[in-house]
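What follows is one structure encoded as structure tokens, with my remarks underneath.
Chains as they are written, first to last, in this note's numbering: chain P, 31 to 161; chain G, 31 to 161; chain L, 31 to 161.
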């Protein structure tokens, strides 16, 4: 397992961590198998989506914000219930096939750390499994 | 693989199964790798979220209920279309890294069985993979 | 790893790929472990849900369409921001336990390729891991 440090800069932010994840896979010496990216936080997540046009990340974030508003009928007193709900819907894990020691991603795919309650210093755990 | 039995008590309910999952990992003798939690049902799911304040689970459930109401423009005749949609959005799998034979979870993270059409007797399959 | 070809026929469509995934697992000779299904596209996904009544797939699709409309406050110029958001919410991976060389699915579960911006020719990567 390898740990990545991710510094976030806004309350909501998608940060492309693909190259750091790929390096973490290479470090583990797995040629064929799977790469698991795990976010050990309850107000953040990880997703795979398009990296060519930054408007895609923007549209994902604004759509999530309109579905799950910052304020609403929430009881959790920390004011970040929306962040927790987003984390459960987006998921705190992503898994990508590994072949030839590299991530097998589609042409337009990148792995994004999803900050839903930043800015904060975050962690990400990358586990490569296989042979 | 190990199977857990989960008894649910309400139509919608989040049940912390972390300690049962951790025991199932120990039983499988995997020290380093991944733990996969699978819900073999189509009106339930599994998520990872905060276990310190029960209001987080409550807020996740009420937000899901407001996004995906129990009644609506549904055709499936069993009256639980909302449960099926929630299952696809929350997901029926969760994966957690394993190190030293233990689940590697963040400070505030717990694994929750998500009942969306209870009360029922449910099952959960825990597969530890690695060495 | 095995690659599946999936031809889709509508803008939004759920296609049952369970038998193709199971064949891909058999081809890889893994008896006990996990099967990872990965969609290398950013406007599609994969989910597990009921296959007995086709109205369940229909209700999943219409609910997603009402939550994430085709047109809206989007900036991405290709007119498929809704497809990207659906991909992040439904997820582009599914993982199923494998035992005795077969997928371990619940009685009503099937694996669906989720097209959110078709019709297109799509791919799906199936990785079996274990022994």
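Each residue gets a CB set at the ideal place from its N, CA and C atoms; glycine is no exception.
In the DSSP output, what is residue 35/L paired with across the bridge? For the purposes of this step, residue 35/L is taken as the residue at position 5 of the third chain. Per DSSP, 153/L.
Taking 7 Å as the CB-CB limit, is residue 125/G close to chain P? Within the second chain, numbered from 1, the residue matching residue 125/G stands at position 95. Using a CB distance cut-off of 7 Å, residue 125/G counts as an interface residue toward chain P.
Which residues in chain G have a C-beta closer than 8 Å to the C-beta of residue 68/P? List them in chain order. Sequence index remark: in the first chain, residue 68/P carries index 38 (1-based). Per Cβ cutoff of 8 Å: 125, 126, 127 and 134.
Which residue comes first and which comes last in the beta strand (DSSP E) that contains residue 76/P? Numbered from its first residue, the first chain carries residue 76/P at position 46. Per DSSP, residue 76/P belongs to the beta strand (DSSP E) from 74–80.
Could you name the residues that DSSP lists as bridge partners for residue 64/L? Position 34 of the third chain, counted from the first residue, corresponds to residue 64/L. BP columns for residue 64/L point to 127/L and 159/L.
Under three-state DSSP, which class holds residue 97/L? Position 67 of the third chain holds residue 97/L. Residue 97/L carries a helical assignment under DSSP once its states are collapsed to helix, strand and coil.
Please classify residue 116/L as buried or exposed, where buried requires at least 16 other C-beta atoms within 10 Å of its C-beta. The count along the third chain starts at 1 and reaches residue 116/L at position 86. Answer is buried; the Cβ neighbour count reaches 16.
Using a Cβ-Cβ cut-off of less than 7 Å, list which residues of the segment 49–82 of chain L approach chain G; keep chain order. Hits within the stretch, in order: 63, 64, 77, 78, 79 and 80.
As assigned by DSSP and simplified to three states, the class of residue 52/G: The count along the second chain starts at 1 and reaches residue 52/G at position 22. Helix, per DSSP.
Near-chain G residues of the segment 32–43 of chain L - C-beta to any C-beta below 8 Å: Against chain G - using a Cβ distance shorter than 8 Å - the segment 32–43 of chain L contributes no residues.
Distance between residue 43/L and residue 84/L (C-alpha atoms, nearest Å): Looking up residue 84/L in the third chain gives position 54. Looking up residue 43/L in the third chain gives position 13. As the crow flies, the alpha-carbon of residue 84/L is around 11 Å from that of residue 43/L.
At the level of alpha carbons, what is the spacing between residue 142/P and residue 119/L? By one-based count along the first chain, residue 142/P stands at place 112. By one-based count along the third chain, residue 119/L stands at place 89. Distance from the CA of residue 142/P to the CA of residue 119/L, rounded to the nearest whole angstrom, comes to 13 Å.
Anticipated Cβ contact below 8 Å, residue 71/P with residue 148/P, distance rounded: Reading the first chain from its first residue, position 41 is the one you call residue 71/P. Reading the first chain from its first residue, position 118 is the one you call residue 148/P. Contact flag wrong, Cβ pair sits at about 10 Å.
Whole angstroms is fine: what's the gap from residue 99/P's alpha carbon to residue 112/P's? By one-based count along the first chain, residue 99/P stands at place 69. By one-based count along the first chain, residue 112/P stands at place 82. Taking C-alpha positions only, residue 99/P is separated from residue 112/P by approximately 6 Å.
Thinking C-alpha only, which one of 160/P, 107/P and 156/P is nearest residue 32/P? Along the first chain, one-based indexing puts residue 32/P at 2. Checking every option, the nearest Cα to that of residue 32/P belongs to 156/P.
In the DSSP assignment, find the beta strand (DSSP E) that holds residue 112/G and state where it starts and stops. Translated into the one-based positions of the second chain, residue 112/G becomes position 82. Not the beta strand (DSSP E): residue 112/G falls in the alpha helix (DSSP H), residues 111–120.
Output yes if chain P places a C-beta closer than 7 Å to the C-beta of residue 87/L; else output no. Locating residue 87/L in the third chain gives position 57, where the first residue counts as 1. So, not an interface residue.
Have a look at the DSSP bridge pairing and note the partners of residue 43/P. Residue numbering aside, residue 43/P sits at position 13 when the first chain is read from its first letter. Residue 43/P pairs with 145/P.
Neighbouring residues, chain P, relative to residue 157/G (Cβ below 8 Å): Sequence index remark: in the second chain, residue 157/G carries index 127 (1-based). The contacting residues do not exist; residue 157/G stays about 12 Å from chain P at best.
Is it true that the segment 66–80 of chain G meets the segment 121–129 of chain G, where meeting means three or more beta-carbon pairs spaced less than 8 Å apart? With contact defined as three or more Cβ pairs closer than 8 Å, the segment 66–80 of chain G and the segment 121–129 of chain G are in contact.
Beta-carbon proximity check, residue 154/P vs residue 36/P, cutoff 7 Å: Taking the first chain and counting its residues from 1, one reaches residue 154/P at position 124. Taking the first chain and counting its residues from 1, one reaches residue 36/P at position 6. Between residue 154/P and residue 36/P, the C-beta spacing is below 7 Å.
Per DSSP, which one or two residues make a beta bridge with residue 132/P? The sequence position of residue 132/P within the first chain is 102, counting from 1. DSSP, once it has assigned bridges, lists 129/P as partnering residue 132/P.
With a threshold of 6 Å on Cβ separation, who are the neighbours of residue 138/P within its own chain once the five nearest residues in sequence on each side are excluded? Your numbering for residue 138/P matches position 108 in the first chain. If we look at residue 138/P and ignore the five residues flanking it on each side, its Cβ neighbours are 80 and 82.
Please confirm whether residue 74/P and residue 144/P have their CB atoms less than 7 Å apart. Working through the first chain from its first residue, we reach residue 74/P at position 44. Working through the first chain from its first residue, we reach residue 144/P at position 114. The Cβ-Cβ distance between residue 74/P and residue 144/P falls below 7 Å.
is_contact[residue 122/L, chain P] using C-beta, thresh 7 Å: Locating residue 122/L in the third chain gives position 92, where the first residue counts as 1. Yes - at least one Cβ of chain P is within 7 Å of the one on residue 122/L.
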